[in-house]
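First the structure, in the form of structure tokens, and then the observations on it.
Number of protein chains: 2
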Amino acid sequence: MSELKSAAEELDAADGLAALRGRFVLDDVVYLDGNSLGALPAHVPGRVQDVVRRQWGELRIRSWEESGWWTAPERIGDRIAPLVGAAAGQIVVGDSTSVNVFKALVAAVRMAAEDGAGGPGRDEILVDATTFPTDGYIAESAARMTGCALRPVAPAEVPSALGERTAAVLLNHVDYRTGRLHDLPGLTAAVHAAGAYAVWDLCHSAGALPVGLDEHGVDLAVGCTYKYLNGGPGSPAYLYVRRDLQPRFDSPLPGWNSHAEPFGMRPGYEPASGAPRGRVGTPDILSLLALEAALDVWDEDAVSVEAVRAKSLALTDFFLRCVAEYVPDGRVESVTPVAHAERGSQVALRCDDAGDVMKRLIERGVVGDFRAPDVLRFGFTPLYVGFADVERAARVLALTLGEAG
Amino acid sequence: MSELKSAAEELDAADGLAALRGRFVLDDVVYLDGNSLGALPAHVPGRVQDVVRRQWGELRIRSWEESGWWTAPERIGDRIAPLVGAAAGQIVVGDSTSVNVFKALVAAVRMAAEDGAGGPGRDEILVDATTFPTDGYIAESAARMTGCALRPVAPAEVPSALGERTAAVLLNHVDYRTGRLHDLPGLTAAVHAAGAYAVWDLCHSAGALPVGLDEHGVDLAVGCTYKYLNGGPGSPAYLYVRRDLQPRFDSPLPGWNSHAEPFGMRPGYEPASGAPRGRVGTPDILSLLALEAALDVWDEDAVSVEAVRAKSLALTDFFLRCVAEYVPDGRVESVTPVAHAERGSQVALRCDDAGDVMKRLIERGVVGDFRAPDVLRFGFTPLYVGFADVERAARVLALTLGEAG
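Sequences listed follow chains A and B, in order. In this text, residue positions in the first sequence follow this note's numbering: the first is 1206, and each later residue adds one. In this text, residue positions in the second sequence follow this note's numbering: the first is 1206, and each later residue adds one.
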């Protein structure tokens, strides 16, 4: 047995989270695409059947109360809260990440305008220039609709770009392409020092590493639930509004679900207090309750985000070590930072023929994904990826790169 | 047997749609709340299980292509299209009704601004003063964010309220409370004659009566899918943008799913052409595909909306007749128009103790709903409600009202 295979065996044997793999539906594929779509927790299909057959089919309309449908957005928000370091009552689940970015950014600009009333005004939004595109597109719309200018800047340049005109800053906690982890505490502090509001996109960090929203005083945050939270394809996103900002949260999408008295059917809008103020329309129950079931994996086994983070770093370290060992020098280049403090839970390797390479990797049972133009992306979900998977992935990658080269 | 019971038997025997009832999961309850949450089609649970177990659990990320997840929003839009009188390629499914009202109204105002460039400008939105509240709240936000004034007017007064400043008019096809059917062709023509854009909310008409979007030249429309389309709790809403307006549809929520090349991951936004331009973020697949399955009821049996409409009117006529027969004069007052041309697929009865009466009706197996402050609402879904149901509902209602009075 090779040295790396033995090392993988030892690491798996010592892995305190190894048993969790059994809670997911997995086959003999090495699934390194959980940063795109998390695997199916084995108990979720049964729960979804209950929602469809009994809650919808038998109880029908009564389920809005009796099955807790109406309160699902905030109840499930409270389940996500501990995973991102938030106390209860600050997260609401619903809509897509894009829609939540719009809510958060417009609300942040409105708060900044209120703060700056009487002064020269705050009319600039800074956005991560390396962002997943949708955040940039939505930020552009939010800027246009609030009369702000939009300025894309690299996250590292945010501190020097901040000024007295800055209203809000939209940042990604982990870069979707490179897997770089940005300095959420430091950047949030810098944004605050400039009197602006920090909006964080947690899509690629929540469920993979500690976020510490409350601890670091983040103002608003959004994230999806279908990556490291395994909520299912297109499961609803969430919105965090820090408790003390909630009374000032002025939503651009004030749907009836966010009304103080939704069933009062009043012609005049009066916002609910607390997290439900971030709701909009009728929640999509099937997707929401599949997500709720998926979150049981964390609760029932008392999985700590810290343990997940430790394993995540061990997995990506080991992958980089295996790649260095197996793959000829220069054939790929890692664009993921080596420093732990700068690394999320994925490794991105650049090579010119990445699209072709990923196709053949998938044929061989190693599933990552390709991001144009030249990135091989491998996500490591500590809940169900083991070290033997990692070794195998690197070995198959080397084989595939050898052929293609 | 009473005369009305015999009449119900005859009507049921002659009902060409009667067999469809067998396609739904129903018990001995008379379910007259399909205008709030449609009943479960019997084949849907199996389809949802396939989506969860096989598409998500086994194929995982491959399902975005192999299971047609990526194209579901426009594919399912094309399934809804014939039910609302639209040719293919104009409807996209996703997000809530509230979010779609926002997209449609902002886009309409932007088109009007473009039309009016150089002139005095069009900066007023008219909204149905009797609207389901969320439309009014969202219209207020759309007005605020586009610099328009918002004026609530009763639908009948729209023609006289229209003027050279009117940019867009948001109307409900059927009033959620009274069940009144508004004159979509006439009002749309009036809006057009004033040079403005008509946005219709079809929540309470789609699937219950012919809408004729294309025929009547409607500009934009939205609707939910969990009422007469039986898509399931909180199933996604849809957006119709008339084909010739699509190149001018300028979305306030330009998420990555609406990009011309979503996987190009370009920093600059370039809108897709056609219906997908109305998409925003990642679609919620479980809810979407449950809806897609539910729509099979229409296709497989070639159910025509015209036949549904004929039965719907027969059902509400018969209900009004039974109520007139069974319920003492003056105990309730119908707020639903008698004229067929002004009636949707529900009957709303006013009485002071409506909240209490509905509770006891439900205990007795007749499920309608209560709308504050004093309305008993009964929805008639022709796909699964029969005439014996109607007679029983009126009989139990009379009994209940007798006690309470």
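Ideal Cβ placement from N, Cα and C applies to all residues, glycine included. Quick caveat: nothing in here was measured; it's all calculated off a predicted structure.
In the same chain as Asp1283 of chain B, and ignoring 5 residues on each side of it, the C-beta atoms closer than 6 Å to its own belong to Ala1293, in chain order.
Three or more beta-carbon pairs drawn from the region 1483 to 1492 of chain B and the region 1432 to 1440 of chain A are found closer than 8 Å, and the two stretches are therefore classed as touching. Checking the DSSP bridge columns, you'll see Ser1539 of chain B partnered with B:Leu1554. Rounded to whole angstroms, Ala1309 of chain B and Glu1329 of chain B show a C-alpha spacing of 15 Å.
Those residues of the region 1477 to 1504 of chain A placed with their C-beta closer than 8 Å to a C-beta in chain B are Val1485, Gly1486, Thr1487, Pro1488, Asp1489, Ile1490, Leu1491, Ser1492, Leu1493, Ala1495, ordered along the chain. Chain order gives the chain A residues near Trp1461 of chain B as Ser1303, Phe1337, Pro1338, Thr1339, Tyr1342, where near means a beta carbon separation below 8 Å. Residue pairing of Thr1371 of chain A in beta bridges, as defined by DSSP: A:Glu1329. Under the 10 Å beta carbon count, Asp1300 of chain B is surrounded by 16 or more other beta carbons and is classified as buried. A straight line joining the alpha-carbon of Ala1394 of chain A with that of Thr1276 of chain B spans about 42 Å. Taking C-beta atoms under 8 Å as the contact rule, Ala1403 of chain A and His1397 of chain A qualify, at a distance of about 7 Å.
For the alpha helix (DSSP H) assignment, the uninterrupted runs of no fewer than 4 residues enclosed by the region 1249 to 1331 of chain B are, from N- to C-terminal side, 1249 to 1254, 1268 to 1271, 1277 to 1285, 1302 to 1320. The residue among B:Ser1509, B:Cys1556, B:Ala1426 with its C-alpha nearest the C-alpha of Leu1375 of chain B is B:Ala1426.
Distance from the CA of Gly1251 of chain B to the CA of Val1230 of chain B, rounded to the nearest whole angstrom, comes to 13 Å.
By the criterion of a C-beta distance shorter than 6 Å, Arg1565 of chain A is surrounded in its chain by Thr1605, once the five residues flanking it on both sides are discounted. In this structure, Pro1481 of chain B lies near Glu1279 of chain B, with their beta-carbon atoms less than 9 Å apart. The region 1458 to 1465 of chain A makes no contact with the region 1312 to 1329 of chain A: fewer than 3 CB pairs, one atom from each, lie closer than 8 Å.
Spatial neighbours of Gly1460 of chain B in its own chain (CB-CB distance under 6 Å, excluding positions within 5 residues in sequence) are listed in chain order as Val1485, Gly1486. Residues of the region 1240 to 1260 of chain A whose Cβ lies closer than 7 Å to any Cβ of chain B, in chain order: Ser1241, Leu1242, Ala1244, Leu1245, Val1249, Pro1250, Val1253, Gln1254, Val1257, Arg1258. Runs of the alpha helix (DSSP H) lying entirely within the region 1445 to 1527 of chain B and spanning at least 4 residues, in chain order: 1490 to 1499, 1501 to 1505. Among the bridge pairs identified by DSSP, Ala1403 of chain A is matched with A:Val1374.
Taking a cut-off of 8 Å on C-beta distances, the region 1581 to 1591 of chain A touches the region 1221 to 1237 of chain A, as three or more cross pairs fall below it. Nearest CB-CB separation between Thr1383 of chain A and chain B: not below the 9 Å threshold. For Pro1357 of chain A, the enclosing beta strand (DSSP E) covers residues 1354 to 1358. The region 1358 to 1378 of chain B makes no contact with the region 1528 to 1541 of chain B; the number of CB pairs closer than 8 Å stays below 3. Looking from the CA of Arg1526 of chain A, the closest CA among A:Ala1598, A:Leu1493, A:Ser1365 belongs to A:Ala1598.
Against chain A, the beta carbon of Asp1300 of chain B has neighbours under 9 Å at Asp1300, Ser1301, Val1304, Val1485, Gly1486, listed in chain order.
Within chain B, the C-beta atoms nearer than 8 Å to that of Arg1576 of chain A come from Met1470, in chain order. When secondary structure is reduced to three states using DSSP, Pro1338 of chain B falls in the helix class. Arg1536 of chain B and Gly1560 of chain B have their C-alpha atoms spaced approximately 15 Å apart. For the region 1421 to 1447 of chain B, the set of residues with a beta-carbon nearer than 9 Å to any beta-carbon of chain A comprises Cys1429, Tyr1431, Gly1437, Pro1438, Gly1439, Ser1440, Pro1441, Ala1442, in chain order. Bridge partners of Phe1592 of chain A according to DSSP: none are assigned. For Ala1394 of chain A, there is no enclosing beta strand (DSSP E); the residue is found in the alpha helix (DSSP H) stretching over 1389 to 1398. Distance between Trp1269 of chain B and Glu1568 of chain B, taken at the CA atoms: about 45 Å. For Asp1574 of chain B, the pairing in a beta bridge is given by DSSP as B:Arg1582. Contact of Met1316 of chain B with chain A by beta-carbon distance below 8 Å is absent, the smallest such distance being about 16 Å. For the options A:Ser1456, A:Val1306, A:Arg1349, A:Arg1385, the alpha carbon positioned closest to that of Gln1551 of chain A is the one of A:Arg1385.
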